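Engineer:
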Amino acid sequence: MAGHRDAFDDPSTIDVTDLHRSPIGAIEAMNIAALLSREAGDAVSIGRTRGLGRVATKSSVTDLVTEWDRTAESLIRARLAVLRPEDGFTGEEGRSDPSSSGITWVVDPIDGTTNFAYGLPGYTVSVAACDAIGSLAGAVFVPASRELFVAARGHGAWLAGRSLRCSSQSDLAVSLIGTGFSYEASVRTVQFDLVASHAASIRDIRRMGAASFDLCSVAAGRLDAYFERGLHPWDYAAGMLIASESGAIVTDFTGGPVTGDEVLASAPGIHRSMVTLLQGGRK
Ligand code: IPD
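Using my numbering, the letters of the sequence shown correspond one by one to residues 868 to 1150.
1. Locate the beta strand (DSSP E) running through ALA976, then write down its first and last residues.
2. Considering just the uninterrupted stretch of the alpha helix (DSSP H) at CYS1083, what are its terminal residues?
3. Does the distance from the C-beta atom of ASP978 to that of ASP1060 stay below 8 angstroms?
4. Helix, strand or coil, according to DSSP, for ALA1066 in the structure here?
5. May I have the straight-line CA-CA distance separating VAL1130 from ASP1119, to the nearest angstrom?
6. For a quick check, are the C-beta atoms of PRO1135 and GLY1106 less than 8 angstroms apart?
7. Three-state secondary structure (DSSP) at VAL928?
8. Any idea if VAL1125 is buried or exposed, counting beta-carbon neighbours within 10 angstroms, 16 or more meaning buried?
9. Quick one: which unbroken beta strand (DSSP E) runs of 3-plus residues sit fully inside the region 1095–1128? Chain order, please.
10. Less than 8 angstroms between C-beta atoms, sequence neighbours within five positions excluded: which residues of the same chain meet that for GLY961?
11. If you follow the alpha helix (DSSP H) that ARG937 is in, where does it begin and where does it stop?
12. Keeping to the same chain, check which residues put their C-beta closer than 6 angstroms to that of SER1012; ignore five residues upstream and five downstream.
13. Bridge partners of ALA1004, per DSSP?
14. Could you tell me if the beta carbon of SER1049 falls within a distance shorter than 7 angstroms of some heavy atom in the ligand IPD?
15. Could you check which residue in ASP1128, ALA923, VAL1142 has the C-alpha nearest to that of THR1121?
16. By DSSP, does ARG1029 sit in helix, in strand, or in coil?
17. So which of GLY969, SER1140, ILE1109 has the shortest CA-CA distance to SER1030?
18. Would you check if the region 907–919 and the region 1030–1043 touch, i.e. whether three or more CB-CB distances between them fall below 8 angstroms?
19. Hey, would you say the C-beta of GLU1129 is under 7 angstroms away from at least one heavy atom of the ligand IPD?
20. Can you tell me where the alpha helix (DSSP H) with ILE894 in it begins and where it stops?
21. If we count the other Cβ atoms within 10 Å of its Cβ and call it buried at 16 or more, is ARG872 buried or exposed?
22. Pop quiz: LEU931 and THR981 are said to be a contact at Cβ under 8 angstroms. What is the actual Cβ separation, rounded to whole angstroms?
23. Return the chain-ordered list of same chain residues with a C-beta closer than 7 angstroms to the C-beta of GLU1095, the five sequence neighbours on each side being excluded.
24. How many angstroms separate the CA atom of ALA1132 from the CA atom of VAL1062?
25. Measure from the alpha carbon of ASP998 to the alpha carbon of each residue in GLU953, ALA1024, SER1035, VAL1009, then state which is nearest.
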């Protein structure tokens, strides 16, 4: 288990000469995810200081995409094409490439684009390697704090060399809960109503603006739970693994496996209460 340490120190020291072979192990995949998320994160945070560049909208007028989202995705795609040419690629901003190795990289080049565009610190670069079971490895890099969250399936999750453990909270009434909201106005109205109807049942709500960071915050015990509907795989592929490897329970809103756009990541002690809450009942 020495491999995971490489990712924390200096990613440029990772020996990538033999990483193109298939199949890849979880730790090797995690090291690649760490390397690429940090490289892309540095590129966009340094680039941002020179200017935001062109900003466009996607699914609605509230859904932004910047020049730096596309630059970061191209950078990660180009690196993977050399390191892992047989692997597939799915990114938020471009075309998907099929996999012939069984591994597909799922990438959000800037998660929290709205924060990035407004000069707020809460954005990340999220990189996951997925196989037929789900996420095999992942890394979430937060340029503003230089925190690098990593996980390898079956091995654990780490931040700065320390193993991550989710919170031991068992009382929903004193739990700090994260969530996020859709770019679609009609969906957002329903989401706000849900939060309003349960505001009195919990300690407080946080909306930080990057799903990957919310999931890492559950892993680090900074949030007791996080839930959101309307997510895409690139928003949660890395963070979901980091949360589950920290001991959090990660499901959809019914308590079943995540197969669509709903993610609930929770300290085990409040998971049942969270499912009840999300199903519309009071704890
Ligand atoms: C968004 C962020 C946000 C969440 C949205 C996501 P993006 O990702 O993760 O926190 O509420 O659902 O789409 O668009 O910034 O990559």
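No residue lacks a Cβ here, since even glycine has one placed at the ideal position from N, Cα and C.
Keep in mind the model is a prediction, meaning the values are calculated, not measured.
Structural biologist: In this structure, then:
1. Locating residue 976 in the sequence shown gives position 109, counting from the first residue. One detail in the question is off: residue 976 reads as Pro in this sequence, not Ala. That run of the beta strand (DSSP E) goes 971–978.
2. The residue labelled residue 1083 in the question sits at position 216 within the sequence shown. Unbroken alpha helix (DSSP H) run through CYS1083: 1078–1086.
3. Taking the first residue of the sequence shown as position 1, residue 978 is located at position 111. Taking the first residue of the sequence shown as position 1, residue 1060 is located at position 193. Cβ distance not < 8 angstroms, so ASP978 and ASP1060 don't count as in contact.
4. Locating residue 1066 in the sequence shown gives position 199, counting from the first residue. Looking at ALA1066 - three-state DSSP - the assignment turns out to be helix.
5. To locate residue 1130, count along the sequence shown from 1; it is residue 263. To locate residue 1119, count along the sequence shown from 1; it is residue 252. Looking at the two C-alpha atoms, the distance is approximately 5 angstroms.
6. Numbered from its first residue, the sequence shown carries residue 1135 at position 268. Numbered from its first residue, the sequence shown carries residue 1106 at position 239. Result no, Cβ atoms of PRO1135 and GLY1106 do not sit closer than 8 angstroms.
7. By 1-based counting over the sequence shown, the position of residue 928 is 61. Coil.
8. One-based indexing of the sequence shown puts residue 1125 at position 258. Around the beta carbon of VAL1125, 16 or more other beta carbons lie within 10 angstroms, which makes this residue buried.
9. 1116–1118
10. The residue labelled residue 961 in the question sits at position 94 within the sequence shown. The answer, listed in chain order, is ARG937, GLU940, SER941, ARG944.
11. For this step, residue 937 is matched to residue 70 along the sequence shown. For ARG937, the uninterrupted alpha helix (DSSP H) run begins and ends at 934–950, by DSSP.
12. Here residue 1012 refers to the residue found at position 145 when the sequence shown is read from its first residue. If we look at SER1012 and ignore the five residues flanking it on each side, it has no Cβ neighbours.
13. Reading the sequence shown from its first residue, position 137 is the one you call residue 1004. ALA996, ALA1019.
14. Counting from 1 along the sequence shown, the entry for residue 1049 is found at position 182. When distances are taken from the beta-carbon of SER1049 to the heavy atoms of the ligand IPD, the shortest one is below 7 angstroms.
15. Walking along the sequence shown from the start, residue 1121 turns up at place 254. Nearest option by C-alpha distance: VAL1142.
16. Here the question's residue 1029 lines up with position 162 in the sequence shown. ARG1029: strand per DSSP, three-state reduction.
17. On the sequence shown, residue 1030 is found 163 positions in, with the first residue counted as 1. Nearest option by C-alpha distance: ILE1109.
18. no
19. Locating residue 1129 in the sequence shown gives position 262, counting from the first residue. Checking every heavy atom of the ligand IPD against the Cβ of GLU1129, none is found closer than 7 angstroms.
20. Here residue 894 is taken as the residue at index 27 of the sequence shown, counted from 1. Counting along the chain, the alpha helix (DSSP H) containing ILE894 begins and ends at 893–917.
21. Residue mapping note: residue 872 aligns to position 5 of the sequence shown, counting from 1. Confidence at ARG872 is low in this model, with a pLDDT of 48, below 50, so the placement of that residue is unreliable and no value is reported for it.
22. Taking the sequence shown and counting its residues from 1, the one referred to as residue 931 is at position 64. Taking the sequence shown and counting its residues from 1, the one referred to as residue 981 is at position 114. 6 angstroms between Cβ atoms; contact.
23. Here residue 1095 corresponds to residue number 228 of the sequence shown, with the count starting at 1. So the qualifying residues of the chain are THR1046, GLY1047, ALA1078, VAL1130.
24. Here residue 1132 corresponds to residue number 265 of the sequence shown, with the count starting at 1. Here residue 1062 corresponds to residue number 195 of the sequence shown, with the count starting at 1. Roughly 16 angstroms between the two C-alpha positions.
25. The residue labelled residue 998 in the question sits at position 131 within the sequence shown. Of the candidates GLU953, ALA1024, SER1035, VAL1009, the one whose C-alpha sits nearest the C-alpha of ASP998 is GLU953.
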